[in-house]
Amino acid sequence: MFKKLATMGLLFGMAATAPPALAMGCAPRDQIVQKLENQYSETLTAAGLQGAASRQSMLEIWSNPQSGTYTVLLTDARGTSCVVAYGSEFYAIEKPIEAEGELG
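Mind the numbering: the sequence shown is residues -23 to -1, 1 to 81 in mature numbering (1 follows the signal peptide of the UniProt record, and there is no 0), read in order.
This is how it looks when you write it as structure tokens:
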């Protein structure tokens, strides 16, 4: 009985505390982009399509290399963007340059 009560309490407690990124919610993409550019000086770093063809959305990563902040947006076909993650200490991983030609 105690295990059931403890488990239920833990589950309900976790459900009541949404992650901060999700608490920011959704808004028209242009409003969120304007805030990212003006308030955080973030620029679009990477993007890609996600989901099935009938329900595709765009995943975008915005970042500021000087401050290290980043934001991950998910935008639907109607132009509504949702902040799904954000944080600090962002860094890009660059692929090493491979030498052309042959050694020797």
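The C-beta atom is built at its ideal place from N, Cα and C for all residues, glycine as well.
Backbone CA spacing between residue i and residue j [nearest angstrom]
i: E75; j: E37; result: 28 Å
i: Q16; j: I9; result: 10 Å
i: V60; j: E19; result: 14 Å
i: A23; j: G64; result: 16 Å
Residue i classed as buried or exposed, judged by whether at least 16 other C-beta atoms fall within 10 angstroms
i: S31; result: exposed
i: L26; result: exposed
i: L21; result: exposed
i: E71; result: exposed
Whole-Å CB distance - residue i paired with residue j, under 8 Å assumed
i: F67; j: S40; result: 5 Å
i: A29; j: V49; result: Not confirmed; about 20 Å, so no contact.
i: G78; j: P5; result: Actually they are not in contact, since the Cβ atoms of G78 and P5 sit about 51 Å apart, beyond 8 Å.
Limits of the unbroken alpha helix (DSSP H) element including residue i
i: Y17; result: 6 to 17
Host beta strand (DSSP E) of residue i (start-end)
i: S40; result: 34 to 40
i: Q27; result: 20 to 27
i: T48; result: 47 to 52
i: G64; result: 57 to 64
Pick from the options that is closest to residue i, judged by C-alpha positions
i: P42; options: E77, S58, R6, E14; result: E14
i: Q11; options: S44, S58, A29, G64; result: S58
i: D7; options: L51, G45, E71; result: L51
i: S44; options: E77, A69, E79, G2; result: A69
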